[in-house]
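Engineer:
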Amino acid sequence: DIRMCMALITAREQELADEQGINNLDRPHYSDEPSQTVPLHYSKKIH
18 DIRMCMALIT AREQELADEQ GINNLDRPHY SDEPSQTVPL HYSKKIH
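Shown next as structure tokens:
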């Protein structure tokens, strides 16, 4: 079962990260995901 294999790999990766003191909260990013950034709009200064 592929799902069980992936779970085993994920668990081992987590064990290795914990041993090295790495806190891995990264998630995959996809090109079609909406951006999480908020654009800043600059207005011209009045002199």
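Going letter by letter, the sequence shown gives residues 18 to 64 in the working numbering. Heads up, the beta-carbon is just placed ideally off N, CA and C, and yes, glycines get one too. Predicted model only: the values in this text are computed from it and were never measured.
Taking the alpha helix (DSSP H) that Glu50 falls in, what are its first and last residues?
Structural biologist: First-last for Glu50: undefined, no H or E at that position.
Engineer: So what's Asp43 in DSSP terms, helix, strand or just coil?
Structural biologist: The answer is coil: DSSP assigns Asp43 none of H, G, I, E or B.
Engineer: Give me the Cα-Cα distance between Leu33 and Leu57, rounded to the nearest whole angstrom.
Structural biologist: 40 angstroms
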